[in-house]
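Chains as they are written, first to last, in our numbering: chain B, 201 to 302; chain F, 260 to 745. For reference, the structure discussed in these notes is given below.
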């Protein structure tokens with residue numbers, strides 16, 4: 201069986217990264233923006249793991265575990281901030297978060 | 260198989276002490292009755308002092324620790340001391356603020372300490388994984404701090420914007436790291452510099468990866484065009500938090516920029532240098548001209564923070580152009596001088612803004628010079644120092660940066676920088692003129708300064724005049740510290 205070449209993983213990562221960036225820039229729902237950021241982080245993980253396998257080292261995989269942990273912490277903080285915001289403003293739409301001019 | 264040794268642990272002692280005290284504060288929090296939370300503030304301050312003293316009394320040997328992932332060198336010591344000072348000033352300025360605004364929860368102190376731990380790791384790491392972890396420890400804490408006035412929609416909004424754009428930028432930074440790892444097979448800065456020094460190692464992809472990393476860090480130091488979040492976040496966050504995050508995380512990100520880009524800049528040729536040159540020119544100009552139009556003090560200082568990031572970038576460009584230590588030491592001097600004047604200014608504004616931070620328009624300060632002469636005089640000193648008037652720290656900070664950039668042959672950039680600092684005098688002095696020369700009753704709070712805040716302001720004033728009148732000692736220190744180990 202032929203192993204999957206690392207370039208394929210990089211293409212997959214680039215695709216996820218692009219989708220994530222477009223998501224952050226075009227979507228207005230804060231939760232979907234948060235999900236798009238997670239998508240970019242997953243693109244990073246795929247790249248790291250693919251490179252790690254290519255080099256035959258574990259550095260990249262350990263890095264990926266750190267990134268996953270960080271993504272979890274980030275989601276917790278982000279949703280916490282969103283709940284605090286929702287209690288005061290009853291919206292999750294980024295366009296309505298406009299007390300301070302952008 | 261490498262094991263952890265005692266010298267390794269000694270080299271991260273300040274971080275360990277800070278983290279220990281932060282956990283202690285959080286453990287004690289449920290047992291301290293609501294009216295006595297300030298005890299925990301003092302415990303947090305004690306933690307900062309112990310961390311500083313541990314470092315002074317038992318200075319660790321310079322060297323790498325934890326298999327080359329931590330660099331304990333003069334560079335990291337300089338920044339760790341700077342972060343400890345900023346944290347101490349911010350804690351002193353926060354205690355009465357939190358009581359006044361009924362948000363006295365001890366998590367605030369713990370978060371300040373955790374954020375400081377992250378910043379120390381950013382300055383001390385010689386490994387991209389550690390830099391990333393430090394960046395995230397400090398960022399996640401400051402996201403929460405920015406939203407700490409959680410019943411105030413402005414604070415919520417500030418935290419949300421900071422969080423969304425901050426994690427977006429971190430994602431870029433990470434994507435850049437992943438590519439650097441893929442291209443070189445290492446995340447260690449020393450190995451990385453060695454690997455990239457080989458001929459033929461630089462490709463379009465390497466440059467793209469470094470640019471992605473630059474974007475992530477440029478966001479943290481708020482250079483144009485990644486500065487959009489800064490005014491909103493600085494305006495909406497509680498003022499003592501703004502004092503902290505406009506100086507600490509910014510200096511930490513500059514430490515990383517110096518460590519990464521000075522180490523790798525040589526082989527990358529002029530490309531990286533021009534990126535820094537252009538963003539320095541844009542950042543100064545946009546920051547200063549936007550500040551001219553502001554009616555809100557916090558927002559004006561936010562734009563001024565953008566402009567100051569531009570001056571620091573001038574120093575970085577000079578360091579990259581000449582390769583001498585002059586540019587890097589000017590960067591270090593500037594970051595320290597800026598920290599004192601900006602922390603002082605924001606802490607004072609936190610006090611003058613009154614309960615709920617209702618009085619932050621420039622017009623609220625009309626006639627303050629007669630109503631509260633002491634506070635007005637202090638604020639005047641901070642403004643003069645920010646605009647770079649001689650005999651204050653701001654003057655020598657700018658002077659060293661400009662001198663380094665002239666010596667590096669960057670005449671054009673120096674002219675832009677000097678013109679910009681002339682423009683900036685207008686909006687700083689506008690506040691002074693409003694306080695002293697306009698008739699009217701000030702809306703700003705006229706209650707006397709509480710003692711902890713008073714000591715923080717006094718310490719900042721002392722540092723401003725010390726650096727402004729006797730800059731030689733500190734310049735020597737920053738020159739000695741300006742050579743990162745790897």
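Beta carbons: idealized from backbone N, C-alpha and C, even for Gly. Fair warning: this is a prediction, and the values are worked out from it, not measured in the lab.
Next on the checklist: If contacts are defined as beta-carbon pairs under 8 Å, then residue 683 of chain F and residue 547 of chain F qualify, I think. What distance do you get, rounded to the angstrom?
Outcome noted: Rounded to whole angstroms, the Cβ separation of residue 683 of chain F and residue 547 of chain F is 5 Å, and the two are in contact under 8 Å.
Next on the checklist: Comparing C-alpha positions only, which one of F:360, F:695, F:656, F:610 sits nearest to residue 677 of chain F?
Outcome noted: Residue nearest to residue 677 of chain F within the set F:360, F:695, F:656, F:610 is F:656 (criterion: CA-CA distance).
Item to check | Counted within 10 angstroms of its Cβ, other Cβ atoms place residue 363 of chain F as buried (16 or more) or exposed | outcome: Buried, because 16 or more other Cβ atoms sit within 10 Å of the Cβ of residue 363 of chain F.
Item to check | Delimiting residues of the alpha helix (DSSP H) encompassing residue 215 of chain B | outcome: In the DSSP annotation of this structure, the continuous segment of the alpha helix (DSSP H) that includes residue 215 of chain B starts and ends at 206-226.
Checklist entry - What three-state label does DSSP hand residue 331 of chain F in the structure shown? => result In the structure shown, residue 331 of chain F falls within a strand segment according to DSSP collapsed to helix, strand and coil.
Checklist entry - On the three-pair Cβ rule with 8 Å, is the segment 615-625 of chain F touching the segment 687-705 of chain F? => result Result yes; three or more Cβ-Cβ pairs closer than 8 Å.
Checklist entry - Three or more C-beta pairs closer than 8 Å, one from the segment 399-406 of chain F and one from the segment 428-443 of chain F: is that the case here? => result At 8 Å Cβ cutoff, the stretches do not touch.
Checklist entry - Which word fits residue 208 of chain B, buried or exposed, when buried means at least 16 other C-beta atoms lie within 10 angstroms of its C-beta? => result The residue is exposed, with fewer than 16 neighbouring Cβ atoms inside 10 Å.
Checklist entry - Below 8 Å between beta carbons: does that hold for residue 570 of chain F and residue 543 of chain F? => result In contact: residue 570 of chain F and residue 543 of chain F (Cβ atoms closer than 8 Å).
Checklist entry - In chain order, what residues of the same chain lie with their CB nearer than 7 Å to the CB of residue 488 of chain F, ignoring the 5 residues before and after it? => result Here the set comprises 420, 421, 424.
Checklist entry - Is DSSP giving residue 322 of chain F helix, strand or coil here? => result Strand, per DSSP.
Checklist entry - Which full runs of the alpha helix (DSSP H) of 4+ residues lie inside the segment 382-429 of chain F, going along the chain? => result Runs of the alpha helix (DSSP H) spanning 4 or more residues and lying entirely within the segment 382-429 of chain F occur at 387-405, in chain order.
Checklist entry - If we call anything under 8 Å between Cβ atoms a contact, is residue 596 of chain F one with residue 653 of chain F? => result Yes.
Next on the checklist: Against chain F, does residue 295 of chain B count as a neighbour if the rule is that its beta carbon must be under 8 Å from one of theirs?
Outcome noted: By this cut-off, residue 295 of chain B is not an interface position.
Checklist entry - Where does residue 358 of chain F sit, in a helix, a strand or coil, going by DSSP? => result Three-state DSSP puts residue 358 of chain F in a helix.
Checklist entry - Looking at C-alpha atoms only, which residue of F:409, F:391, F:392 is the closest neighbour of residue 281 of chain B? => result Check the Cα spacing between residue 281 of chain B and each of F:409, F:391, F:392: the tightest is with F:409.
Item to check | For residue 212 of chain B and residue 293 of chain B, the rounded distance between their alpha carbons | outcome: Cα to Cα, the separation comes out at about 30 Å.
Item to check | Beta carbon of residue 602 of chain F nearer than 8 Å to that of residue 303 of chain F | outcome: No, the Cβ-Cβ distance between residue 602 of chain F and residue 303 of chain F is not below 8 Å.
Checklist entry - For the alpha helix (DSSP H) that residue 750 of chain F lies in, which residues bound it at each end? => result Residue numbering for chain F in the displayed model covers 260 to 745; residue 750 of chain F lies beyond these limits and cannot be assessed.
Checklist entry - Which full runs of the beta strand (DSSP E) of 3+ residues lie inside the segment 600-642 of chain F, going along the chain? => result With a minimum length of 3 residues, no continuous beta strand (DSSP E) run stays inside the segment 600-642 of chain F.
Next on the checklist: Against chain F, with Cβ distances strictly below 8 Å, would residue 240 of chain B count as a contact?
Outcome noted: Yes - at least one Cβ of chain F is within 8 Å of the one on residue 240 of chain B.
Item to check | Inter-residue Cα distance where the pair is residue 407 of chain F and residue 667 of chain F | outcome: If I take the Cα positions, the gap works out to 44 Å.
Next on the checklist: Quick check on residue 260 of chain F: does DSSP put it in helix, strand or coil?
Outcome noted: No answer about residue 260 of chain F holds up, because its pLDDT of 47 lies below 50 and its placement is not dependable.
Checklist entry - What's the call for residue 634 of chain F, buried or exposed, on a 16-neighbour Cβ count within 10 Å? => result Classification for residue 634 of chain F: buried.
Next on the checklist: So residue 419 of chain F contacts chain A; which residues on that side make the cut at Cβ distance below 9 Å?
Outcome noted: Looking at the structure shown, chain A is missing, and the protein chains on hand are B and F.
Checklist entry - How many angstroms separate the CA atom of residue 688 of chain F from the CA atom of residue 642 of chain F? => result The straight-line gap separating the alpha-carbon atoms of residue 688 of chain F and residue 642 of chain F is approximately 7 Å.
Checklist entry - Going along chain B, which residues have a C-beta under 7 Å from residue 388 of chain F? => result Residues of chain B passing the Cβ test: 263, 266.
Next on the checklist: If the criterion is Cβ atoms closer than 8 Å, does the pair residue 673 of chain F and residue 661 of chain F meet it?
Outcome noted: Result yes, Cβ atoms of residue 673 of chain F and residue 661 of chain F sit closer than 8 Å.
Checklist entry - Alpha carbon to alpha carbon, what distance is there between residue 611 of chain F and residue 693 of chain F? => result For residue 693 of chain F and residue 611 of chain F, the distance between alpha carbons rounds to 14 Å.
Next on the checklist: For residue 413 of chain F, would you say it is in contact with chain B, using Cβ-to-Cβ distances shorter than 8 Å as the test?
Outcome noted: Look at residue 413 of chain F: its C-beta is under 8 Å from a C-beta on chain B.
Checklist entry - When you compare only the Cα positions, how much space is there between residue 280 of chain F and residue 307 of chain F? => result The straight-line gap from Cα to Cα measures roughly 8 Å.
Checklist entry - Hey, how far is the Cα of residue 373 of chain F from the Cα of residue 396 of chain F? => result Approximately 7 Å between the Cα atoms of the pair.
Next on the checklist: I believe residue 479 of chain F touches residue 512 of chain F by the beta-carbon criterion, under 8 Å. Please report the beta-carbon distance rounded to the nearest angstrom.
Outcome noted: About 4 Å separates the CB atoms of residue 479 of chain F and residue 512 of chain F; that is less than 8 Å, so the two are in contact.
Checklist entry - So, residue 514 of chain F versus residue 381 of chain F, is the Cβ gap smaller than 8 Å? => result Taking 8 Å as the Cβ cut-off, residue 514 of chain F and residue 381 of chain F qualify as a contacting pair.
Checklist entry - From what residue to what residue does the alpha helix (DSSP H) around residue 274 of chain F run? => result Counted as a single uninterrupted DSSP element, the alpha helix (DSSP H) harbouring residue 274 of chain F occupies residues 272-287.
Checklist entry - Between residue 370 of chain F and residue 346 of chain F, what straight-line distance do the alpha-carbon atoms span, to the nearest angstrom? => result If I take the Cα positions, the gap works out to 11 Å.
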